[in-house]
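Participant:
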Amino acid sequence: MNGCRSSGRETESFVSGVARPINHFAPHLLLSPSSTPPAPVLTHSPQWEEVSGYDENLNTIRTYQVCNVFEPSQNNWLLTTYVDRRAAQRIYVEIRFTVRDCASIPSVLGSCKETFNLYYLETERTLSEGIKGVDTIAADESFSQVDFGGRLMKVNTEVRSFGPLSKGKGFHLAFQDLGACMSLLAVRVFYKKCPSVVQNFALFPETLTGAESTSLVIARGSCIANAEEVDVPIKLYCNGDGEWMVPIGSCSCKAGYEPDNGNVCRACPQGTFKSFQGVGLCQQCPLNSRSTIEAATVCGCRSGFYRGDMDKPEDVCTSVPSAPRNVVSVVNQTSVQLEWHPPRDIGYRDDLSYNVVCRRCHSSGRRACQPCDDGVAFVSGKQGLKDTKVEISKLRAHTSYTFEIQAVNGVSNKSPYPAQQLSINITTNQAAPSVVPIMHQVSSTSRSFSLSWPPPEQPNGIILDYEIRYFDKVGSVVQSKTPSVVLEGLKLGTGYVVQVRARTVAGYGGYSKEMLFQTLTDGKVGRWELGQQLSLIAGSLVAGVCIVSLVAIAIILTFPTLSEGHSSPGVKIYIDPFTYEDPNEAVREFAKEIDPSCVKIEEVIGSGEFGEVYRGRLKPVGKKEILVAIKTLKVGYSERQRRDFLSEASIMGQFDQPNIIRLEGVVTKSRPTMIITEFMENGALDSFLRQNDGQFPVIQLVGMLRGIASGMRYLAEMSYVHRDLAARNILVNSNLVCKVSDFGLSRYLEEDTSDPTYTSSLGGKIPVRWTAPEAIAYRKFTSASDVWSYGIVTWEVMSFGERPYWDMSNQDVINAIEQDFRLPAPMDCPVVLHQLMLDCWQKDRNARPKFPDIVSMLDKMIRNPASLKAGTNNVAPGPPHHALLDRAGPDLSSVSSVEDWLAALKMTQYRDSFLGSGFTSLPLVTQMTAEDLQRIGVSLAGHQKKILTSAQSMRHNVDDQSPTESV
Numbered sequence: 001m002n003g004c005r006s007s008g009r010e011t012e013s014f015v016s017g018v019a020r021p022i023n024h025f026a027p028h029l030l031l032s033p034s035s036t037p038p039a040p041v042l043t044h045s046p047q048w049e050e051v052s053g054y055d056e057n058l059n060t061i062r063t064y065q066v067c068n069v070f071e072p073s074q075n076n077w078l079l080t081t082y083v084d085r086r087a088a089q090r091i092y093v094e095i096r097f098t099v100r101d102c103a104s105i106p107s108v109l110g111s112c113k114e115t116f117n118l119y120y121l122e123t124e125r126t127l128s129e130g131i132k133g134v135d136t137i138a139a140d141e142s143f144s145q146v147d148f149g150g151r152l153m154k155v156n157t158e159v160r161s162f163g164p165l166s167k168g169k170g171f172h173l174a175f176q177d178l179g180a181c182m183s184l185l186a187v188r189v190f191y192k193k194c195p196s197v198v199q200n201f202a203l204f205p206e207t208l209t210g211a212e213s214t215s216l217v218i219a220r221g222s223c224i225a226n227a228e229e230v231d232v233p234i235k236l237y238c239n240g241d242g243e244w245m246v247p248i249g250s251c252s253c254k255a256g257y258e259p260d261n262g263n264v265c266r267a268c269p270q271g272t273f274k275s276f277q278g279v280g281l282c283q284q285c286p287l288n289s290r291s292t293i294e295a296a297t298v299c300g301c302r303s304g305f306y307r308g309d310m311d312k313p314e315d316v317c318t319s320v321p322s323a324p325r326n327v328v329s330v331v332n333q334t335s336v337q338l339e340w341h342p343p344r345d346i347g348y349r350d351d352l353s354y355n356v357v358c359r360r361c362h363s364s365g366r367r368a369c370q371p372c373d374d375g376v377a378f379v380s381g382k383q384g385l386k387d388t389k390v391e392i393s394k395l396r397a398h399t400s401y402t403f404e405i406q407a408v409n410g411v412s413n414k415s416p417y418p419a420q421q422l423s424i425n426i427t428t429n430q431a432a433p434s435v436v437p438i439m440h441q442v443s444s445t446s447r448s449f450s451l452s453w454p455p456p457e458q459p460n461g462i463i464l465d466y467e468i469r470y471f472d473k474v475g476s477v478v479q480s481k482t483p484s485v486v487l488e489g490l491k492l493g494t495g496y497v498v499q500v501r502a503r504t505v506a507g508y509g510g511y512s513k514e515m516l517f518q519t520l521t522d523g524k525v526g527r528w529e530l531g532q533q534l535s536l537i538a539g540s541l542v543a544g545v546c547i548v549s550l551v552a553i554a555i556i557l558t559f560p561t562l563s564e565g566h567s568s569p570g571v572k573i574y575i576d577p578f579t580y581e582d583p584n585e586a587v588r589e590f591a592k593e594i595d596p597s598c599v600k601i602e603e604v605i606g607s608g609e610f611g612e613v614y615r616g617r618l619k620p621v622g623k624k625e626i627l628v629a630i631k632t633l634k635v636g637y638s639e640r641q642r643r644d645f646l647s648e649a650s651i652m653g654q655f656d657q658p659n660i661i662r663l664e665g666v667v668t669k670s671r672p673t674m675i676i677t678e679f680m681e682n683g684a685l686d687s688f689l690r691q692n693d694g695q696f697p698v699i700q701l702v703g704m705l706r707g708i709a710s711g712m713r714y715l716a717e718m719s720y721v722h723r724d725l726a727a728r729n730i731l732v733n734s735n736l737v738c739k740v741s742d743f744g745l746s747r748y749l750e751e752d753t754s755d756p757t758y759t760s761s762l763g764g765k766i767p768v769r770w771t772a773p774e775a776i777a778y779r780k781f782t783s784a785s786d787v788w789s790y791g792i793v794t795w796e797v798m799s800f801g802e803r804p805y806w807d808m809s810n811q812d813v814i815n816a817i818e819q820d821f822r823l824p825a826p827m828d829c830p831v832v833l834h835q836l837m838l839d840c841w842q843k844d845r846n847a848r849p850k851f852p853d854i855v856s857m858l859d860k861m862i863r864n865p866a867s868l869k870a871g872t873n874n875v876a877p878g879p880p881h882h883a884l885l886d887r888a889g890p891d892l893s894s895v896s897s898v899e900d901w902l903a904a905l906k907m908t909q910y911r912d913s914f915l916g917s918g919f920t921s922l923p924l925v926t927q928m929t930a931e932d933l934q935r936i937g938v939s940l941a942g943h944q945k946k947i948l949t950s951a952q953s954m955r956h957n958v959d960d961q962s963p964t965e966s967v
């Protein structure tokens, strides 16, 4: 076996040279294929001869030659020995031969040829039934005469392939001469394979190419030692040329191992670590840590050093801080201000904070202390303080206190020793009394009322008296020695605002809150707090606003606003929330406000543009508890972010259809701000399909597509354009019902982003692989551009979540679409479904079907399942330059020259290259190979494919017109 390797592909040879001629067989085994005249008896006609000769380098070789050009009706055969195909499905034959120019042979009486035919025979069938034609082979160069040295002989080399082979372990090759003067110098039979390779830290086995030259064979990879999967499935495609392509999935070195030349995951040596799976290298142990083993994922901290709960393995090990220094106190009656210096040693951390512990001490000799009352107020808190000062109030007057100031950081809870602290003792001064908490009305008449109140919670001494002030329009002040008073000489049926404050030797305390009391009128008691009256007024205002809103909604529903297109009276039309002067008004109009006490958050299930997404439960009052998805707005948001976040709720709240995600409500009056929707158990459609690759029959996939189309029909009827229709934005519930979601893309179109899914080279945030060409080029988004996106979603569904256009860049996708390329049918995809995709991808948006038409087509498929079985396409997914389809081929019926042909293909830029390289006629063009195109300067794979496909089509037309000459 001879092997050769080039450009990442390998071939395996079977034979070198030619085997015995067919006349070693008995006459009854002579071939008689239907496309050729009956074979003569070998003993009565000239046959191939094995002779010695020279090659172009004057080396002596053995050849088979035939030159029976002086007799008519030649049919001379040569058969190779048996060739073991070694499981290969497609075989390549390289033939080196010479042909004599018929014009140079004088007095030719027969039918002289300059071609011969190549056949193959699978060994499990008889010669008369199993022979199959490969091609008629013509010489690029013929010769007219030969000298004794053979220097004028012109050697041709042609390569042909055939397949698929499946009927046995081997085959024979047969060469048919119909009247040529020629020699076979050598025949090399080989197959192609993709070599074993390590790529993306995954090992892919040696893989034979497929049965067709355009076939793609999937090879499953496995992670190399000490590597783990990043995403699955891990696979490569082996194309017909023995080249690996379209890598999908990958592995990476696991924690404790680093990549070495892309093929090995090497253990981290002692003193280093790697805490994560991925492409990073091992790192030296951080300060105050060490590792004593290989393949360490974390370095342990040295004695006395720690890592906090939120610290990362690559962070240095740290220690607890020392005690604060130089505390100073300032006492003001029953308040105190403490201020101190930071500790000298903060333990290598930047999360230093302080705790203040308060103890009230008795005046006994032992100075017993106990924790301070809950009523003591710490103005800025007493734990986790960032400033080196604190203000404490509401202490007791003439009382001794001890304050301990503790310095803590993120590892203080790891240390076995208590936090370092600094203590200070202070004694409070005399202070005014605290505020009287409330007043009560004991009785009232038409001209007076009697009030009482409890003493202040902190009198801070003996209460000398109380001052009461009251007023309706003119204020009045009275004093009382006791916590009660009778206010007299008041007006009939009049309300008075009353406040009270207490006085000690230290002075007056603060006034109590304003309270409203009323004298009697006509025997009725009037007693309300001011807050209650204000609540009644506010309630009246709210009721009035609600009435106005209801009237406005009724007007909107009766006379709907028209957008693009026409709508029948009474049809609900989508209203853009950004048209509201105050976007919050749109939220109030279209989304229900939910009491946060009805919402229970259970676990994080993802993250969104603005914050985390949770699974939770909603228990409305008087209703059954349901599962919900909860989107939250992250802390520190701007007003614009809040507006954009809630705009999606304003949009969803306008929709009510079984295939559109349902909005349960919003929480806007407390933190965090939340959008609450129904919960879809199976998550996003693309990942769900990848997890269940091949598990659903076609009819079930069509049912899913029908649900998506139904939802989009509803949106189109409401004049709403989605702009981001993709499988990742379709959610699936436990009953496999698909619902359209994610209605926020319109807000992104003014912004740029680094997300490769949405970024285009033209600027802006656009999902290029799913977007119609007019939307990419001109930002023209309509329901017709949503139909284009629906075609891509259909391809995603039928390929079980494959990424559209594989690993092509966004710019390559745009270029391919401009050249009229379209995605091929996924594996086992029915023709009717792929035709639906192609209809959705019409360049003219007016030629695309409407969503009602799509729903109708899918309904017909579901009612007629046989249409989903017949004529399936078994082409495996592959890259664009091997499998993208050119829908509308050029009309070649009127083509008569190479120039016309290139013009029909829209390839006139190659005219001079073709004519300058000798391809001046259409018959010569039909014999072109990919190597020829590469040689004359056609380097783009898509152009090569288009030219070769057209040339092959012309060659078949020629063959159909000349059955006697065909193979």
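Position 318 of the sequence shown, counted from 1, bears residue number 318 in full-length UniProt numbering, the numbering being contiguous throughout. All C-beta atoms, glycine included, are put in the ideal place defined by N, C-alpha and C.
#1: What is the rounded straight-line gap between the Cα of S950 and the Cα of F696?
#2: Please list, in chain order, all residues of the same chain as L281 whose beta carbon is under 8 Å from its beta carbon, the five residues on each side excluded.
#3: Could you please give me the residues that DSSP links to residue 972 through a beta bridge?
#4: Report the rounded CA-to-CA distance for S607 versus M674, giving the unit in angstroms.
#5: Quick check on K945: does DSSP put it in helix, strand or coil?
#6: So for A267, helix, strand or coil by DSSP?
#7: List the residues that DSSP assigns as beta-bridge partners of L121.
#8: Under DSSP, the alpha helix (DSSP H) around R706 begins and ends at which residues?
#9: Please report the straight-line C-alpha distance between S35 and N117, rounded to a whole angstrom.
#10: Take A211 and list the residues in its own chain whose beta-carbon comes closer than 6 Å to its own, dropping the five residues that flank it on each side.
#11: Identify, in the order they occur along the chain, each residue of the same chain with its Cβ nearer than 8 Å to the Cβ of L905, setting aside the five sequence neighbours on each side.
#12: Could you spell out the range, first to last residue, of the alpha helix (DSSP H) harbouring G840?
#13: My assumption, with CB atoms under 8 Å, is that M861 sits in contact with L868. Please give the rounded CB distance.
#14: Would you mind working out which of H943, D900, V938 and Q909 sits nearest L922, comparing C-alpha positions?
#15: Assuming contact is defined by CB atoms lying nearer than 8 Å, are N156 and A139 in contact in what I supplied?
#16: For C181, which residues does DSSP report across the bridge?
#17: Quick one: any contact between the region 456-464 and the region 485-498, if contact means 3 or more CB pairs under 8 Å?
#18: For residue 1002, which residues in the same chain have their Cβ closer than 8 Å to its Cβ, ignoring the five residues on either side in sequence?
#19: Leaving aside the five residues before and after V542 along the sequence, list all residues of the same chain whose C-beta is less than 8 Å from its C-beta, in chain order.
#20: I'd like to know whether the C-beta atoms of I224 and A202 end up nearer to each other than 8 Å.
#21: State the Cα-Cα distance for the pair D311 and G410, rounded to the nearest angstrom.
#22: Whose C-beta lies closer than 6 Å to the C-beta of residue 988 among residues of the same chain, with five residues either side of it excluded?
#23: Go ahead and pull the three-state DSSP assignment for K860.
#24: What number of angstroms, rounded off, separates the C-alpha of L725 from the C-alpha of I626?
#25: What is the DSSP secondary structure of S647, counted as helix, strand or coil?
#26: Decide if R640 is buried, meaning its Cβ has at least 16 other Cβ atoms within 10 Å, or exposed.
#27: Taking the beta carbon of H362 as the centre, do at least 16 other beta carbons fall within 10 Å, making it buried, or is it exposed?
#28: Could you check whether the region 177-194 touches the region 94-101, counting it as contact only if at least three pairs of C-beta atoms, one from each stretch, sit closer than 8 Å?
#29: Could you spell out where the alpha helix (DSSP H) holding Y790 opens and where it closes?
#30: Is T668 helix, strand or coil when you go by DSSP?
#31: Going by CA-CA distance only, name the one from N59, Y92, S289 and T207 that's closest to M153.
#32: Among residues of its own chain, excluding the 5 on either side of G475, which ones have a beta-carbon nearer than 7 Å to its beta-carbon?
#33: Which value, in whole angstroms, describes the spacing of the CA atoms of L884 and L823?
#34: Could you work out which residue in W788, R779, F781 and K780 is closest to W770 when comparing CA atoms only?
#35: To which residues of the same chain is S222 closer than 6 Å at the C-beta, ignoring the five residues directly before and after it?
#36: Buried or exposed: where does D844 fall if 16 or more other Cβ atoms within 10 Å of its Cβ makes it buried?
Facilitator: This is what the structure gives:
#1: 38 Å
#2: E258, P259 and K274
#3: Lying outside 1 to 967, the shown extent of the chain, residue 972 is not represented and no answer is given.
#4: 13 Å
#5: helix
#6: strand
#7: I131 and H172
#8: V698 to E717
#9: For S35, the predicted structure reports a pLDDT of 31, less than 50, and the residue's modelled location is therefore unreliable. A value from the coordinates is still provided. Straight-line Cα distance between these residues: approximately 12 Å.
#10: Q89, R90, G163 and P164
#11: P890, K946, I947 and S950
#12: In the sequence as displayed, the identity of residue 840 is Cys instead of Gly. Where C840 is concerned, the enclosing alpha helix (DSSP H) stretches over V831 to C840.
#13: 6 Å
#14: D900
#15: yes
#16: C67
#17: no
#18: Residue 1002 is absent from the model: the chain starts at 1 and stops at 967.
#19: Because V542 sits at a pLDDT of 38, beneath the cut-off of 50, its placement in the model cannot be relied upon, and the point is left open.
#20: yes
#21: 9 Å
#22: Residue 988 lies beyond the residue range present for the chain, which begins at 1 and ends at 967; the question has no answer from this structure.
#23: helix
#24: 27 Å
#25: helix
#26: exposed
#27: exposed
#28: yes
#29: S783 to M798
#30: coil
#31: N59
#32: R469
#33: Confidence at L884 is low in this model, with a pLDDT of 38, below 50, so the placement of that residue is unreliable and no value is reported for it.
#34: W788
#35: L203
#36: exposed
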